[in-house]
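In the order they appear, the protein sequences are chains R and Z.
All letters in the first sequence, in the order written, are residues 160 to 568 by our numbering.
All letters in the second sequence, in the order written, are residues 1402 to 1758 by our numbering.
Just so it is clear, CB atoms sit at the ideal spot from N, CA and C, and this is done for glycine as well.
Note that the structure is predicted; figures quoted are calculated from it, not measured.
Let me begin by presenting the structure, written as structure tokens, before commenting on it.
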Amino acid sequence: MKNVEAWSAEDVSDWLIKEGMPEYMDVLRQSQTDGPALLRLTQADFQVPPLSRVSHDNGQQLLERMDILRMTTHIEDHKNGHANGHVGGMPNGTSKLQRNGTLGRKDFEMIRIPMPTIEPPRCSFPTEWWKTGIAFTYAVICFVTTSVVISVVHERVPPKEHTPPLPDKFFDLFDRREWAFSICEINGMLLVGLWLIQWILLKHRSIIGRRFFFIVGTLYLYRCITMYITTLPVPGMHFKCSPKLLGDWEAQMRRIMKMIAGGGLSITGSHTMCGDYLYSGHTVMLTLTFLFIKEYSPRRFWWYHWFCLALSATGIFCILLAHDHYTVDVVVAYFITTRLFWWYHTMANQQSLKETSQSNLLSRVWWYRLFRYFEENVNGTVPRNYQLPVSVRALSWMRGVKYSRLDSQ
Amino acid sequence: MASPELASAEDSSTRNPNSGKEDGSVSGTKKTCPVHAPAGEEAKRSFRKGIARHNDYVKISVPESKVSRLPTEWWKTAIAFFYAAFNLVLTTVVITVVHERVPPKESSPPLPDKFFDYIDRVKWAFTVTEVNGMVLVAIWLVQLFFFKYKSIACRRFFFLIGTLYLYRCVTMYVTTLPVPGMHMNCAPKLQGDTQAKIQRILQLISGAGLSINNSHLLCGDFLYSGHTVMLTLTYLFIKEYSPKSFWWYHLVCWLLSAVGVLCILVAHEHYTVDVVVAYFITSRLFWWYHTMANLQILKCSPNNYLTNTWWNPLFNFFERNVQTSVPCSYSWPITWASACLKNPCKKYSMVQSSREE
């Protein structure tokens, strides 16, 4: 294509046809508009006849096309102009940049700059329900193991007459209240219910569910270990432990089933076995549900967070008030739960922590491989988006905090 | 820096006054190059001329940082030392208080423990533990002496020891476990005799709580085990701050540590749960702290839950100016020695260390 500067009126007409603006053709040919004149057209020219008669958009389209033409021309000029004019001076020092910008070279070399095509982004949060299924199975196994271990440990609890309750600072300060443990369990059930509702409404429920099952399973697994190795005596003389079934396997199995069915709560009548003191499973559930509720709900729902915090704290306080666990059980349970939660979530949110390296000492935990398996395809922080589970159309009616690209790093 | 380049380029430009105007963006055409700002044109042009003459390299100037990336800051180490000392003294006070509350072993027999069911008591095992502990501490001190960045490593050690003993105070105090075995001889209780209690505290501190030194007479400090904490922590520090190639050294220290911990149980001096909890808390705290200190990217990350701990302000105070991982390099502590024993185990190239930021 010749440079616009060298266009004749014919060339201008051809260009107009090519660009799909034949209406200007007659007018411009009549006024003998050639290349340079075309480039000199401004918006003012379109306000007066003759151009105003044929133009229906005040010449916007034509002016735009001319801009593009100008730019294309300019680029071609500078392709040669940059190469020779900016660096090192002219080799022979004679000719300036010629007006057609070609410096005598007729064939341009078009350099293709490959623009990366924007592919549809891979989903950063794939659902992978089968991984959630594995995490659920893991949690179930840990729960069943816990029940079995409680049943085993129950046989070894020293009778309360033989080994009195251990001295505990909280018990010295506060006397026992019978109704306190019911409060604790009601709070626990409320929190679990709230968390369940919230979880159903989350958009990325498979990932978050996976995390919950994994953390709960691991905490109960740790609990199995600490319960089993050393057996603490009952914390209060008010305890009614069911009689020991020495060696009677069938009865023990039935007891285990009853405990699983009741969820280990005394409200449901399945908290009859003793010995599971270090550390407290009730505290684990209260703390963990609160942490998850707070983490996966919008920041601005501060009243909701405070309400759940109150439920959780009151529940834990009532465990101690009911003299149902030693203080050290509750303290250790809180410590282990919070540390595990924060550890897991920090590793999940940081890409650099998902690979083993000399600086990443968080990867030395025993469950790191399992963690990698669960979280390897999750890129970045899971946003708090909500979505009705029965989605004929995906309805996000509560926009939580949206993480932009900047934030998620 | 670009200036010498520029200076030579300016010379060339003065020598060719005519060539100052070849640039297509100036010189009277009506096309103005939209991307070039007219202001810095002169400098750029001459710079490019200079490049054209030596047209094979481009100098990228790396800004030299004036501040050391691993400042010593001994005063922070001193603060960490006082923190640790305070917590150790607090622990001895709490042990003395708790001792008064331990139920007598006749009325409150030892709790059932799985390990005790399988392994009977061996009398000399606790001596092994304490000897191992002392050897490990000595090895760590020697290693620290030759370590180049001893102030930083020391600070971390004191901080972790202090925090672990603080946690220990809390767990010992809230619930008192009975003695793990009938063999334990607990010193008689001093009801309200404050003078004698203070004496006991001093005796405990001076003997570092070791039974070898006859200062391990008080009972009640069972959950969790301080001996396990020392054994585990010194091993973790020794391993972290020594070259990776010394696997035999790490193995020996690991054996010392593991045998020491096992002997605590064999001697029936602590319940199994004490040892397990102590190991767990020590290792987790160590890894947590060091990951936060090593990965600078965590410091700016918004989703970093590792900062939710109560000791995070202390951590920030200690580690604010430490900008990279501490490399394990060794040197003679006395600087006039000509031989500098440098053993860079983690070889940091420019590429790696910049990636860690």
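**Rounded straight-line distance, which links the Cα of LEU520/R to that of LEU1561/Z** = Whole-angstrom Cα-Cα distance: 15 Å.
**Request:** Check whether the Cβ of VAL1495/Z lies closer than 8 Å to any Cβ atom in chain R.
**Result:** No - not a single Cβ of chain R is within 8 Å of the one on VAL1495/Z.
**Prompt:** Over what stretch of residues does the alpha helix (DSSP H) that includes TYR379/R continue unbroken?
**Reply:** For TYR379/R, the enclosing alpha helix (DSSP H) has its first and last residue at 364-388.
**Asked** If you scan the segment 302-347 of chain R from start to end, which runs of the alpha helix (DSSP H) of 4 or more residues do you find wholly inside it?
**Response** Counting whole runs of 4 or more residues, the segment 302-347 of chain R contains the alpha helix (DSSP H) stretches 328-332.
**Prompt:** Going by beta carbon distance, what residues of the same chain come within less than 7 Å of ASP193/R, once the five residues before and after it are set aside?
**Reply:** Take ASP193/R, set aside five residues on each side of it, and the residues of its chain with a beta-carbon closer than 7 Å to its own are TRP166, SER167, ALA168, VAL171, in chain order.
**Message:** Distance check for PHE449/R and LEU468/R, CA to CA, integer angstroms please.
**Reply:** Those two C-alpha atoms are separated by around 7 Å.
**Asked** For PRO317/R, which residues from the same chain have a beta carbon less than 8 Å from its beta carbon, with the 5 sequence-adjacent residues on both sides left out?
**Response** Within the same chain, and ignoring the five residues on either side of PRO317/R in sequence, the residues whose Cβ sits closer than 8 Å to its Cβ are THR390, PRO392.
**Asked** What whole-angstrom Cβ distance do LYS1549/Z and SER1730/Z have, given they're in contact under 8 Å?
**Response** Contact annotation, LYS1549/Z with SER1730/Z: C-beta distance approximately 5 Å; criterion of less than 8 Å satisfied.
**Prompt:** alpha helix (DSSP H) containing VAL1490/Z: first to last residue?
**Reply:** Start and end: 1475-1500.
**Request:** In angstroms with no decimal places, state the Cα-to-Cα distance between ILE366/R and PHE284/R.
**Result:** Distance between the alpha carbons of ILE366/R and PHE284/R is about 8 Å.
**Prompt:** Is the segment 1508-1525 of chain Z close to the segment 1597-1605 of chain Z, with three or more CB pairs under 8 Å?
**Reply:** Taking one beta carbon from each stretch, the segment 1508-1525 of chain Z and the segment 1597-1605 of chain Z have fewer than 3 pairs nearer than 8 Å; the two do not touch.
**Asked** In terms of DSSP beta bridges, what is THR1576/Z paired with?
**Response** By DSSP's assignment, THR1576/Z forms a beta bridge with ASP327/R.
**Prompt:** Listed from N- to C-terminal order along the chain, which residues in the segment 532-545 of chain R have their beta-carbon within a distance smaller than 8 Å of any beta-carbon of chain Z?
**Reply:** Those residues of the segment 532-545 of chain R that come within reach of chain Z (Cβ to Cβ, closer than 8 Å) are THR540.
**Asked** Any C-beta of chain Z sitting closer than 8 Å to the C-beta of ASP216/R?
**Response** At a cut-off of 8 Å, the C-beta of ASP216/R has no neighbouring C-beta in chain Z.
**Item:** Inter-residue Cα distance where the pair is ASP173/R and ALA196/R
**Value:** Near 15 Å, if we compare the C-alpha coordinates of ALA196/R and ASP173/R.
**CA nearest to the CA of LYS453/R, picked from TYR381/R, LEU353/R, LEU405/R, TYR379/R** = Nearest C-alpha to LYS453/R: LEU353/R.
**Request:** Determine the DSSP secondary structure at ASP1514/Z, reduced to helix, strand or coil.
**Result:** If DSSP states are grouped into helix, strand and coil, ASP1514/Z belongs with the strands.
**Request:** Give the DSSP-derived three-state secondary structure of LEU361/R in the structure shown.
**Result:** Strand, per DSSP.
**Prompt:** Is TYR545/R helix, strand or coil when you go by DSSP?
**Reply:** It is a strand residue.
**Asked** Hey, how far is the Cα of ILE176/R from the Cα of ASP185/R?
**Response** Roughly 11 Å separates the two Cα atoms.
**Message:** Taking only three categories from DSSP, how would you classify PHE460/R?
**Reply:** PHE460/R: coil per DSSP, three-state reduction.
**Prompt:** Would a C-beta distance cut-off of 8 Å place CYS383/R and ILE478/R closer than the cut-off?
**Reply:** No.
**Asked** Should SER1508/Z be labelled buried (16 or more other beta-carbon atoms within 10 Å of its own) or exposed?
**Response** Flag for SER1508/Z reads exposed.
**Prompt:** Can you list, in chain order, the stretches of the alpha helix (DSSP H) that have 4 or more residues and sit fully within the segment 172-199 of chain R?
**Reply:** Counting only runs of 4 or more, we get 182-189, 194-198.
**Request:** With PHE1718/Z as the anchor, note down where its alpha helix (DSSP H) starts and where it stops.
**Result:** 1713-1720 is the extent of the alpha helix (DSSP H) around PHE1718/Z.
**Item:** Segments assigned alpha helix (DSSP H), at least 4 residues, entirely inside the segment 1670-1706 of chain Z
**Value:** List check, alpha helix (DSSP H) in window: 1673-1695, 1698-1701.
**Asked** Is ILE309/R near GLY474/R, with beta carbons less than 8 Å apart?
**Response** In this structure, GLY474/R does not lie closer than 8 Å to ILE309/R by Cβ.
**Asked** VAL1723/Z and ALA1694/Z look like a contact to me (Cβ under 8 Å); what is the Cβ gap, rounded to whole Å?
**Response** Distance from VAL1723/Z to ALA1694/Z at the Cβ level is roughly 6 Å; contact confirmed, criterion being Cβ atoms closer than 8 Å.
**Request:** Give a yes or no on whether 8 Å exceeds the smallest Cβ distance from HIS504/R to chain Z.
**Result:** Among the CB atoms of chain Z, one or more fall inside 8 Å of the CB of HIS504/R.
**Own chain residues within Cβ distance below 8 Å of GLY584/R, not counting five before or after** = Residue 584/R is absent from the model: chain R starts at 160 and stops at 568.
**Asked** Can you tell which of VAL1660/Z, PHE1487/Z, THR1478/Z has its C-alpha closest to the C-alpha of PHE1718/Z?
**Response** The shortest C-alpha separation from PHE1718/Z is found at THR1478/Z.
**Prompt:** Just by C-beta distance, which residues in the segment 1685-1701 of chain Z are closer than 8 Å to chain R?
**Reply:** Of all residues in the segment 1685-1701 of chain Z, ARG1685, PHE1687, TRP1688, TRP1689, HIS1691, THR1692, ASN1695, LEU1696, ILE1698, LEU1699 have a Cβ within less than 8 Å of some Cβ in chain R.
**Sequence-distant residues of the same chain with beta carbon closer than 7 Å to THR1673/Z, five excluded per side** = Excluding residues within five positions, the ones whose Cβ falls inside 7 Å are ASP1514, LYS1515, PHE1516, LEU1666.
**Request:** Taking only the alpha-carbon atoms, compute the straight-line gap between VAL1536/Z and VAL311/R and give it to the nearest angstrom.
**Result:** Between VAL1536/Z and VAL311/R, the C-alpha separation is close to 40 Å.
**CA-to-CA distance, LEU1657/Z to THR1528/Z, given in whole angstroms** = Whole-angstrom Cα-Cα distance: 13 Å.
**Item:** Per DSSP, the bridge partner or partners of PHE466/R
**Value:** BP columns for PHE466/R are empty, so no partner.
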